[in-house]
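Residue numbers (this note's numbering), protein chains in the order written: chain A, 891 to 1115; chain B, 378 to 605.
All remarks here apply to the structure that follows.
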């Protein structure tokens, strides 16, 4: 017996709401930091009278400037970086779930676990080579997703290691998305997250569209009886 | 007279790690605070607007706001904790790998941590134990917790926090029992962070890194003493 599973339409709604939630989150938090920064900046730099000695005064100035630095640079940078990692997880998980859905519908295919690759490369190879899906890997979006993968690996594992040349070029080319610092350091600008969230949504849609309807009959079944 | 004139790398690594974790902790607390403030003003505004409505209209009105409220008190704090948890793990992993780099340098070891099989914290563990002969504190409770945190982190990064039915690892139930008010799995297999888990994880990393640093002999973390 076939039970109603997750249709392509429902799948799209889920992805859309995940991406919208993430964008809403980043925007809300960034706005929160900005308004706190505004309040902090308005507070006059005035050493409280109870601070008698030089060390206490020094500490007061250091704490105030740390606060301003945290609200203006460090915290926004952290929220973008961590949100980016989360976005990449959404992308990877969704692609792998599509592969699992394909295998459930076509059990004669090799299981996904047979492929030794990982993450998005595993998903691509599975869909393209095993399921013969016209995977959109000849697109600019896929090229950028590969850079996102390098960026994600850099944030997650390899701070301090040499930067891959392709990522270096990506960062230098996209000045509106990255603020380059010294010695390979860089941070994400407020424009980057909305850009990649849109890209992930678009790419996901392209992958779904590449999966033939006659294979799925508009039904990516997650639950089967 | 022999005098140490080099850099005390132990102190520097300790301070850098502490600072990074403190920043992350401040960040989590600031975001939590901001979300609480936002929720409070959201509720106050809703109450104000609902004044004078009939009970039925009030119900409908509050129902229409339920999703936004749920984001503010549930989803967004959870997203903050999960993403910060992943960030804390990266900081910890990087600190351990960095420590290996310094012990290689001062100990004059040609083998680097990158040459070790395995990845991340496990490569660092092997490197410090086998190559640098450090009595790596992997018998302590914090390391056992870190092993669980490593798997939780992998679940978050690769499966968005969802655990397939029947794929729980050994010792997880006991870990969840110990951290009962901090973390749980839903019936559907999704990780749920509760208030305080992320900060608890940060303190676990902090304690363990300090214990690791303390286990590294002096000659592996600072320059040689010289005759003056």
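In this text, a Cβ means the ideal position worked out from N, Cα and C, and glycines have one as well.
Compare the C-beta of residue 558(B) with all C-beta atoms of chain A and state if any pair is closer than 9 Å.
False, the Cβ-Cβ gap to chain A never drops below 9 Å.
(request) Can you say whether residue 574(B) is buried or exposed, counting buried as having 16 or more other CB atoms within 10 angstroms of its CB? (result) Burial call: buried.
What's the gap between the Cα of residue 1120(A) and the Cα of residue 1004(A)?
A question about residue 1120(A) goes unanswered here, because the residues of chain A that appear run from 891 up to 1115.
(message) Just to confirm the assignment, what range does the alpha helix (DSSP H) spanning residue 405(B) have?
(response) Per DSSP, the continuous alpha helix (DSSP H) segment holding residue 405(B) begins and ends at 386 to 427.
Look at the alpha carbon of residue 1010(A) and the alpha carbon of residue 1027(A), and state the distance between them as a whole number of angstroms. Between residue 1010(A) and residue 1027(A), the C-alpha separation is close to 11 Å.
Residue 892(A), buried or exposed, once every other Cβ within 10 Å from all chains shown has been counted against 16:
Confidence at residue 892(A) is low in this model, with a pLDDT of 42, below 50, so the placement of that residue is unreliable and no value is reported for it.
#### Entry: Cβ-Cβ distance between residue 1078(A) and residue 974(A) below 9 Å
Cβ distance < 9 Å, so residue 1078(A) and residue 974(A) count as in contact.
_Could you check whether the region 578 to 593 of chain B touches the region 391 to 404 of chain B, counting it as contact only if at least three pairs of C-beta atoms, one from each stretch, sit closer than 8 Å?_
Segments in contact, yes.
Review point. For residue 405(B), which of 933(A), 1030(A), 961(A), 952(A) has the nearest alpha-carbon?
Key: Of the candidates 933(A), 1030(A), 961(A), 952(A), the one whose C-alpha sits nearest the C-alpha of residue 405(B) is 961(A).
- Check whether residue 985(A) and residue 1017(A) have beta carbons under 9 Å apart: For residue 985(A) and residue 1017(A), yes; Cβs fall inside 9 Å.
Checklist entry - What is the DSSP secondary structure of residue 1074(A), reduced to helix, strand or coil? => result Secondary structure at residue 1074(A): coil, using DSSP grouped into helix, strand and coil.
What number of angstroms, rounded off, separates the C-alpha of residue 447(B) from the C-alpha of residue 911(A)? Distance between the alpha carbons of residue 447(B) and residue 911(A): 12 Å.
**Message:** Our contact map puts residue 459(B) next to residue 918(A) with C-beta atoms below 8 Å; I'd like the distance itself, whole angstroms only.
**Reply:** Their Cβ separation, rounded to whole angstroms, is 16 Å, which puts residue 459(B) and residue 918(A) out of contact at 8 Å.
So which residues of chain B does residue 869(A) contact, with C-beta pairs closer than 7 Å? Residue numbering for chain A in the displayed model covers 891 to 1115; residue 869(A) lies beyond these limits and cannot be assessed.
| task | Compare the Cα-Cα distances from residue 924(A) to each of 963(A), 944(A), 907(A), 955(A) and report the closest residue. | result | Nearest to residue 924(A) by C-alpha distance, out of 963(A), 944(A), 907(A), 955(A), is 963(A).
* To do: Evaluate residue 1052(A) with the Cβ neighbour count: other Cβ atoms within 10 Å of its Cβ, from every protein chain shown; 16 or more gives buried, anything less gives exposed.
  => By the neighbour-count definition (other C-beta atoms within 10 Å, threshold 16), residue 1052(A) is an exposed residue.
- request: Helix, strand or coil for residue 958(A), going by three-state DSSP, please let me know.
  value: Correct three-state label for residue 958(A): helix.
*Partner residues on chain A for residue 453(B), Cβ-Cβ distance less than 9 Å*: Listed along chain A are 911, 914, 915, 918, 919, each with a C-beta nearer than 9 Å to that of residue 453(B).
Less than 8 Å between C-beta atoms, sequence neighbours within five positions excluded: which residues of the same chain meet that for residue 567(B)? Cβ within range, chain order: 538, 539, 540.
**Message:** For the region 551 to 561 of chain B against the region 435 to 445 of chain B, do three or more pairs of beta-carbon atoms, one drawn from each stretch, fall closer than 8 Å, so that the two count as touching?
**Reply:** No, the region 551 to 561 of chain B is not in contact with the region 435 to 445 of chain B.
Is DSSP giving residue 487(B) helix, strand or coil here?
The answer is coil: DSSP assigns residue 487(B) none of H, G, I, E or B.
Interface partners of residue 524(B) on chain A, CB under 9 Å: Against residue 524(B), chain A offers no close residue; the least beta-carbon distance is about 18 Å (beta-carbon pairs closer than 9 Å).
* Asked: In three-state terms, what does DSSP make of residue 832(A)?
  -> The structure shown does not extend to residue 832(A), since chain A spans only 891 to 1115, so no value can be given for it.
- Leaving out five residues before and five after residue 966(A) in sequence, what residues of the same chain have Cβ atoms less than 6 Å from its Cβ? Excluding sequence neighbours, residue 966(A) sits near 920, 923.
Check: Exposed or buried, residue 941(A), counting other C-beta atoms within 10 Å across all chains shown (16 or more means buried)?
Finding: Under this definition residue 941(A) is an exposed residue.
When you compare the region 895 to 909 of chain A with the region 1082 to 1095 of chain A, are there three or more beta-carbon pairs, one atom per stretch, that lie closer than 8 Å? Verdict: yes, contact present.
_If contact is defined by three or more beta carbon pairs under 8 Å, each pair taking one atom from either stretch, is the region 408 to 426 of chain B in contact with the region 449 to 456 of chain B?_
Under the 8 Å Cβ criterion, the region 449 to 456 of chain B counts as touching the region 408 to 426 of chain B, having at least three qualifying pairs.
>> Under DSSP, the alpha helix (DSSP H) around residue 569(B) begins and ends at which residues?
In response: Going by DSSP, residue 569(B) is part of no alpha helix (DSSP H) but of the beta strand (DSSP E) stretching over 568 to 570.
Whole angstroms is fine: what's the gap from residue 898(A)'s alpha carbon to residue 1100(A)'s?
The alpha-carbon atoms of residue 898(A) and residue 1100(A) are separated by roughly 12 Å.
**Study point:** Under 8 Å from the C-beta of residue 467(B): neighbouring residues of chain A
**Key:** By Cβ distance, chain A contributes 1045, 1046, 1047, 1049.
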